[in-house]
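Undergrad: The working numbering numbers the first residue of the sequence shown as -11 and each following residue consecutively.
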Amino acid sequence: MCGIVGAVSERDVQGILLEGLRRLEYRGYDSAGMAILSQDGTVNRVRELGKVAALAELIESAPPKGHVGIAHTRWATHGEPSRLNAHPHMSGDRLALVHNGIIENYQELRDELKSAGFEFTSQTDTEVVAHLIEQLYRATADLTSAVKQATGRLRGAYALAVVHADEPDRLIVCREGSPLVIGVGIGENFIASDQLALLPVTDRFMFLDEGDIADIRKDKITIWDRDDNVVDRPTSRFEHAADAADKGEYRHFMLKEIYEQPTVIKATMEGRITDTRVLEQALGTEAGKLLENVRHVQIIACGTSYHAGMVARYWIEDLAGVPCSVEVASEFRYRKHVIQPDTLFLCISQSGETADTLAALRQAKKAGFRAALAICNVAGSSLVRESDLVIMTQAGPEIGVASTKAFTTQLTALLLFSIALARHNGLSSEREAELVTAMRLLPGQVSAALALDKEIAELSREFMDKHHSLFLGRGTLFPVALEGALKLKEISYIHAEAYPAGELKHGPLALVDSEMPVVTVAPNNDMLEKLKSNLEEVRARGGQLFVFADGQSALKNEEGVHVVHIAEVHPVTAPIVYTIPLQLLSYHVAVLKGTDVDQPRNLAKSVTVE
Ligand code: F6R
C-alpha cells in the first residue's frame, strides 16, 4: 500500500520523483504528492487528489525545483482520499515526510502531540509521525537522532522518508515492516518502495533490514541497524531487463503479463529440471536436508497466492502422500494452532511484502515449525530474507494489480517442490519422468491456450451486461475456478462466486437462471464424468454454460452451452493451462466494460498493511 520515492542529487529531482511515482502507482493511486527542498531554504510541497497524472498536470506549468525531495502515491488507510490527507505531511513549514504502512498507536501519540501544541490538518496516522520527529528535532537539532528516537515510539509497520529545510543535503529513511530500497547512483542516491521505481536512474540497490535507519546524501550512505551500530548492507544489481516496466505493444500491463506466461513459466523451470528429474539442489543447497523428514506441510498465503496454495495441496497429498493444510494468512495469524511434528511452513507471495503473510511467518518461526520455505517473485523482499529456503518464481516484475503470471509461475514452482518432496516419499523414477515431461510441455500448451484469445474475446460479450456469475471446477480445477472468479470480480466488477461443482446442488443451484453465466473448467481427468452431471443440473435450469474443455471430453456447443476446446494436457499440469482462458475472459470483459484494467478501483498491488 502506498509507494514512496526520494532522491538526493546534484540535478533537479522533480522529474525523477514523478517518474518514480508513475512506476509505483500500482501500489496505490488515490492521491499523490511531493516535497522538494528549494535552493532558497524552504520546502515546496505539492499534492493532488487522484492519480499521478493529476499531480503531473498540477506542476506542469511551474515544476518545483531542488536537489533533494520525497514523493508519495497513496492508498488510503486512515482518512478518505483527499488533498489534505495526501502525503507528504509536514510539521510546521520545515519538515516533510512520506510514509508507507500503518502506525497503530497513532491516536495516543496524536493526543500527546496535540497537548504539546501541535496542530493537525489531516486525518492520517502519518501526520503524527511528522510532528513527533519535529518535536524531537527541536531538542536534538539532528534529523538522524530525531528519527531514531521517534522510531522507538512508533508501533506498527512503516517505511518513512523525511527531509528538513534546516538540513538541506540529506534525506533520512527508516523501515520496520514495510519495504524500502536504496538506489545507489554516481554522485546521487535514491530511495523507493521498490526497485522498479528507480530503474531509469540506477540498477544498483541496497536493501534495508527491519529496524534500519539510513542517512542518504548525494555521495554517501550511512546505515544504522536497530541497535544503533553502523552497518554495511550489500549492493546488488537489478536482474530483470529495464523495459520490464513498459507496456510495449500491449494495451494493458495485464495483457502483456498474460502473454509473457510461456516465457516466465519456462524461466521458472530453467536450471531446475533435467529431461526426467527435478534437480533438488536447484531449489536450494539445504533443500535435501529440509525435505527429508517433512511429515506435514502448512501453506499460508493471501488472495491469488492462496489459490496457488490450494492447488498445491492436491499435488502434495497426491504425489508425495504428505498431509497438507492451506490457510489464508489473515486467519492463521490470529488463532491458536496445533502444530504437527516435522511440519514445513510454506509461504507463497508474489511481492514478499504482504503484511499478513509476513506476520504469519514471524509467528511460525517462534512456534516450532521444522523450517520456513518461501515461494516468492521478489528477490530481496522481506519474505525471502526471513525464510530458511526460497524458491524464486521468475515472473519478472508484475505491474497489473490483478495477478496473472505470478500465479502460474507460483504453480510451476509449487509443482517442482511437490515432485521433490514426493521423491523423498517414494515417488518412482518413472512417475517423476512422466511428470517432468508434462512440465516441459507447459510453455507450448500455454501458448496454445493464448491462441484462443480471439474466440474468448468474442465470448466475453455475453458477460458484459451481467451482474453475477458462477465458476465451477472439481479437484485441482476448483482453486482455478476460484482464481477465475477473483479475476472477474477484481477487474470487471462483476460479482463472481466459485464452487466445487459437486456443491452446486447443496445451495447455489437456486441462483441459476438465464441471467447467470456459469463458467466451468473441465479438463479430461477422472472427475470429468461427474462434472458433466453437474453441468446437466445447470442446463436443466436454463443456465448459460461456458465450458473450457478438453477436445476429447465429448462436450459440444449446443443450446445454452458454449464450449471452448483446450488442447489435451496432463491432468497434473491442467490447472496451469486452464488458468489462461479464465484470465483472458476477465480481461476482455473488463475492456468491454471500460474499467481501469491495470489499476482496478479500491485495490493495490502490494498489501503491506493489515
Ligand atoms: C489478486 C491479487 C491479490 C494478491 C494478494 C497476495 O489478483 O493479486 O489477491 O495475490 O494480495 O499478494 P502477494 O502474493 O504479493 O502476497
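Yeah, the Cβ is synthetic: ideal placement off N, Cα and C, and Gly gets one too.
Given a cut-off of 7 Å, decide if V434 and Q249 are closer than it, judged by their beta-carbon atoms.
TA: yes
Undergrad: Which whole-angstrom value is the C-beta distance of A486 and G472, which I expect to be below 8 Å?
TA: 7 Å
Undergrad: Is A498 near the ligand F6R - that is, is its Cβ less than 6 Å away from at least one heavy atom of it?
TA: no
Undergrad: Skipping 5 residues on each side, what residues in its chain have a beta carbon closer than 7 Å to that of K475?
TA: A390, L570, Q571 and S574
Undergrad: Output the distance between the C-alpha atoms of H295 and I170, rounded to the nearest integer angstrom.
TA: 33 Å
Undergrad: Taking 6 Å as the cut-off, is the C-beta of Q338 nearer than that to any heavy atom in the ligand F6R?
TA: yes
Undergrad: Which full runs of the beta strand (DSSP E) of 3+ residues lie inside the region 354 to 379, going along the chain?
TA: 359 to 364
Undergrad: Do V282 and A408 have their C-beta atoms within less than 7 Å of each other?
TA: Taking 7 Å as the Cβ cut-off, V282 and A408 do not qualify as a contacting pair.
Undergrad: If V484 sits next to S448, beta carbons under 8 Å apart, how far is it from one beta carbon to the other, in whole angstroms?
TA: In the sequence under discussion, the amino acid at residue 484 is Ala, which differs from the Val named in the question. Not quite, the Cβ-Cβ distance comes to about 13 Å (not below 8 Å), so this is no contact.
Undergrad: In this structure, what does DSSP give as the bridge partners for Y619?
TA: This structure cannot speak to residue 619, because the chain is shown only from -11 to 598.
Undergrad: Just how far apart, CA to CA, sit G105 and Q286?
TA: Each residue's Cα considered, the two are about 50 Å apart.
Undergrad: Following the continuous alpha helix (DSSP H) through A505, name the residue where it begins and the one where it ends.
TA: Going by the sequence as given, residue 505 is Pro instead of Ala. Counting along the chain, P505 falls outside any alpha helix (DSSP H), though it belongs to the beta strand (DSSP E) covering P505 to A510.
Undergrad: Which same chain residues, not among the five before or five after K244, have their C-beta less than 7 Å away from its C-beta?
TA: K235, G236 and Y238
Undergrad: With a floor of 3 residues, list each beta strand (DSSP E) that falls wholly inside the region 300 to 334, ordered by position along the chain.
TA: Counting only runs of 3 or more, we get 312 to 316.
Undergrad: According to DSSP, simplified to helix, strand and coil, what is Q111?
TA: coil
Undergrad: Using a Cβ-Cβ cut-off of 6 Å (strictly less than) and excluding sequence neighbours within five positions of Q32, which residues of its own chain qualify?
TA: Position check: residue 32 holds Asn in this sequence, whereas Gln was assumed. Counting only Cβ-Cβ distances below 6 Å, and skipping sequence neighbours, we find I24, S26 and P52.
Undergrad: Can you tell me whether DSSP reads Y487 as helix, strand or coil?
TA: strand
Undergrad: Taking the beta strand (DSSP E) that G29 belongs to, which residues open and close that run?
TA: G29: not part of any beta strand (DSSP E); DSSP gives it neither H nor E.
Undergrad: Nearest-angstrom Cα distance between E96 and A118?
TA: Looking at the two C-alpha atoms, the distance is approximately 15 Å.
Undergrad: Measure the C-alpha to C-alpha separation of A510 and S541 and round it to an integer number of angstroms.
TA: 8 Å
Undergrad: Closest by CA to Y94, which one among A74, H66, H152 and S70?
TA: Taking only the C-alpha atoms, the option nearest Y94 is H66.
Undergrad: Take L492 as the anchor and find which of A359, L580, D330 and K518 has the nearest alpha-carbon.
TA: K518
Undergrad: Could you tell me the alpha carbon to alpha carbon distance between D330 and S293, rounded to whole angstroms?
TA: 24 Å
Undergrad: Locate the alpha helix (DSSP H) running through T567, then write down its first and last residues.
TA: A562 to K581
Undergrad: Do P505 and F459 have their beta-carbon atoms positioned less than 7 Å apart in this structure?
TA: no
Undergrad: The ligand F6R heavy atoms versus the CB of G291: any closer than 6 Å?
TA: yes
Undergrad: With a threshold of 8 Å on Cβ separation, who are the neighbours of L271 within its own chain once the five nearest residues in sequence on each side are excluded?
TA: Counting only Cβ-Cβ distances below 8 Å, and skipping sequence neighbours, we find R260, L377, I379, L404, F405 and A408.
Undergrad: Is any non-hydrogen atom of the ligand COA found closer than 6 Å to the C-beta of S370, if you look at the structure I gave you?
TA: For the structure depicted, the ligand COA is absent and the ligand set comprises only the ligand F6R.
Undergrad: Mind the definition here: the region 323 to 341 touches the region 497 to 504 only if three or more C-beta pairs lie below 8 Å; say whether that holds.
TA: no
Undergrad: So what does E668 bridge to, in DSSP terms?
TA: Residue numbering for the chain in the displayed model covers -11 to 598; residue 668 lies beyond these limits and cannot be assessed.
Undergrad: Could you please give the first and the last residue of the uninterrupted beta strand (DSSP E) stretch that includes F226?
TA: For F226, no beta strand (DSSP E) segment is defined, and its DSSP state is neither H nor E.
Undergrad: What is the DSSP secondary structure of R192, counted as helix, strand or coil?
TA: DSSP, read as helix, strand or coil, puts R192 in strand.
Undergrad: Go to N522, then tell me how far its alpha helix (DSSP H) extends in each direction, as first and last residue.
TA: L516 to R527
Undergrad: Between which two residues does the alpha helix (DSSP H) harbouring V434 extend?
TA: L430 to L438
Undergrad: Which complete beta strand (DSSP E) runs does the region 406 to 480 hold, if anything under 3 residues is left out?
TA: Within the region 406 to 480, the complete beta strand (DSSP E) segments of 3 residues or longer fall at 456 to 461, listed in chain order.
Undergrad: Compare the C-alpha of A20 against each of R(-1), E45 and S(-3) and name the closest.
TA: E45
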